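Residue numbers (my numbering), protein chains in the order written: chain A, 1 to 249; chain B, 1001 to 1249. The beta-carbon is built from N, C-alpha and C at its ideal position, and this holds for glycine as well. Computed from a prediction, not measured in an experiment: that's the story for all the values here.
Number of protein chains: 2
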Amino acid sequence: MTESTPTAGVILIGNELLSGKTQDSNLQFIGQRLADLGVRLQEAVVIADIEATIIATVNDYRTRYDYVFTTGGIGPTHDDITSASVAKAFGVRLVKHPEAVRRLERAYQRAGLSDERMKMAEVPEGATLVDNPISQAPGFQIENVFVLAGIPSVARAMFDSLAPTLQGGPAIVSESVDGYLAESSLAKRLGEIDQRFPDVDIGCYPFFRNRRFGANVVARGTDATAVREVIDLVFELMDELGGEPERPD
Amino acid sequence: MTESTPTAGVILIGNELLSGKTQDSNLQFIGQRLADLGVRLQEAVVIADIEATIIATVNDYRTRYDYVFTTGGIGPTHDDITSASVAKAFGVRLVKHPEAVRRLERAYQRAGLSDERMKMAEVPEGATLVDNPISQAPGFQIENVFVLAGIPSVARAMFDSLAPTLQGGPAIVSESVDGYLAESSLAKRLGEIDQRFPDVDIGCYPFFRNRRFGANVVARGTDATAVREVIDLVFELMDELGGEPERPD
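Here it is in structure tokens:
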């Protein structure tokens, strides 16, 4: 991966992700989309709805990564403290964003816009809105931090809204090959291939399918030719070992 | 949550979790089981297969939490660097564990125990084994750090093997109630209930089901009576607002 590939960190916020109540599905989606955009996701963290923790984590990540994405905690209830905590992380006031107020007024025309609903229009001073085509209450961006909802459908729609504003590097391409071989029988020569291609990430993952064990080898990098070459070599290796290799794509 | 509740941190190791290739399913399982055991999972982090990152993260977590669990990177291939990195984090040598060697010899009786397979018998000096009833190659424990496989079925089996050795506090109980109400219509009075019960964690999560929007309120804590009382109050509140409350359990 070249130096010019921008980096990202993801902060998943919510007690429900740590208690086992909820299975996160935002990380995989964001990881895939960032790779397509040529942004390298370097780390993700799952934290509780605790103000001091959110502040410390946001301030840590925003200095370490080019882009930071948070999910969760921007709804109307007492446990939704992400927006206020991010404002504190940046040392700015939490303010009602006029355009967010207008969107909520439209969305709650019939039900009425209570104080609690109005809370969803609050953003750190200086933040810009991230559109929410699903349920209107917006996310926001402040400097390099993007604050998204936790509900997967909304998080995805918000990510798609903001994606065109990201400056990606060369796209990170990925190819893979499957073979019915134990990982350990590939290990030595796969390690040699890995040595020869320092700019390609090569991962090997065991699977169990059709009652047979196998290994899935994935090559990733910004140099499509090198990625293809690695997979061709692994294909040959698997074939030679009787692993009946197949490219899943 | 009382002071006597032990804490835990989880480190999910693997490029494939950050690239979007793989959906993690170990965190939810570990979170649920820890709650049952009376251990509070406070944070989880997803990191790449990079030695310096693994060392720094393990050393950070093992001082911050009573128990640390890692998943991933203990297989036979070049990208499996967790065991060696954990040894470096503790400043000890990586050694072949005689009992692990015996188990691998049995498991690979027919296929043969190559150098790469033998790598799976290596643990930090002083570590004890964590049984792997699925595929034999063991995990290990060193001080308060438990190193587990990444494959979910194996990670679960290993967790079940080690669970009896954990010292939990009072079990963390959880109750919940669903109602067909917007989160925002509950927000104010739910916030008041939350204020009254500082030792109960109350979370509110929107859902969309049978073409209707609703909110799921979850109360968690070690005081079962207080948890029940909170859910009774929320049930009444939802009923009063016409939300047709139901307890999912």
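Just to make sure I have the definition right: I need the residues of chain A whose C-beta is within less than 7 Å of the C-beta of B:Lys1021. Which are they? Val218
Chain B contacts from the segment 159 to 183 of chain A (Cβ-Cβ distance under 9 Å): Ile172, Ser174, Ser176, Ala182, Glu183
What does A:Ile142 pair with, by DSSP beta-bridge criteria? A:Val145
Do A:Pro124 and A:Leu94 have their C-beta atoms closer together than 9 Å? yes
Rounded distance between the beta-carbons of A:Ala8 and A:Gln42, thought under 8 Å: 7 Å
Any chain B beta carbon closer than 9 Å to A:Met238: no
Environment of A:Ser266 [buried if 16+ CB atoms lie within 10 Å]: For residue 266 of chain A there is no data in the structure shown, the boundaries of chain A being 1 and 249.
Length-filtered (3 minimum) beta strand (DSSP E) runs lying within the segment 208 to 237 of chain A: 212 to 221
According to the Cβ coordinates, are B:Ile1202 and A:His78 closer than 9 Å? yes
Could I get the ranges of all uninterrupted alpha helix (DSSP H) runs contained in the segment 1045 to 1079 of chain B, with 4 residues as the minimum, in chain order? 1051 to 1064
So with CB distances below 8 Å, who are the chain A contacts of B:Pro1206? Gly75, Ile151
Residue-chain proximity (B:Asn1132, chain A), Cβ-Cβ < 9 Å: no
Could you name the residues that DSSP lists as bridge partners for A:Ser114? Answer is none; A:Ser114 lacks a bridge partner.
Residues of chain A with CB closer than 7 Å to the CB of B:His1097, please, in chain order. Neighbours of B:His1097 on chain A: none; closest Cβ ~17 Å, over 7 Å.
What are the residues that DSSP puts in a beta bridge with B:Arg1040? B:Thr1007
Residues that A:Leu129 bridges to, as DSSP identifies them: A:Phe140
For the alpha helix (DSSP H) containing A:Ala243, list its first residue and its last residue. It is worth fixing the name first, because residue 243 of chain A is Gly in this sequence and not Ala. Where A:Gly243 is concerned, there is no enclosing alpha helix (DSSP H), given that its DSSP letter is neither H nor E.
Quick one: give me the first and last residue of the alpha helix (DSSP H) that B:Ser1184 is part of. 1183 to 1196
Three-state secondary structure (DSSP) at B:Val1101? helix
Coil, strand or helix - B:Asp1201 by DSSP: strand
Counterpart residues of B:Gly1179 in DSSP-defined beta bridges: B:Ala1215
Exposed or buried, which one is A:Asp178 when buried takes at least 16 other CB atoms within 10 Å? buried
Would B:Leu1129 and B:Ala1155 be called neighbours here (beta carbons separated by less than 9 Å)? no
By how many angstroms is the C-alpha of B:Asp1024 removed from the C-alpha of A:Asn216? 17 Å
Would A:Tyr61 pass as an interface residue toward chain B - the criterion being a Cβ-Cβ separation below 9 Å? no
CA-CA distance, A:Thr2 and A:Thr222? Any reading at A:Thr2 needs caution, since the residue's pLDDT is 47, under 50, leaving its predicted position unreliable; the model's value is listed next. Spanning the two alpha carbons is a distance of roughly 8 Å.
Do A:Leu27 and A:Leu37 have their beta-carbon atoms positioned less than 9 Å apart in this structure? no
When the Cα atoms are used, what is the spatial distance from A:Tyr205 to B:Pro1248? 37 Å
Do we get a CB-CB distance below 9 Å when we pair B:Lys1088 with the residues of chain A? no
Could you please give me the residues that DSSP links to A:Ser174 through a beta bridge? A:Arg220
Whole-angstrom distance between A:Ala182 and A:Glu246, CA atom to CA atom: 15 Å
Rounded to the nearest angstrom, how far is the Cβ of A:Leu148 from that of A:Thr70, given a contact under 8 Å? 7 Å
Within the 9 Å Cβ cut-off, does B:Asp1066 reach chain A? no
Just verifying my parser: in three-state terms, what is the DSSP assignment at B:Pro1248? coil
Can you tell me whether B:Gly1072 is buried or exposed? The criterion is at least 16 other CB atoms within 10 Å of its CB, across all chains shown. buried
I'd like the span of the beta strand (DSSP E) that includes B:Leu1094, first residue to last. 1094 to 1096
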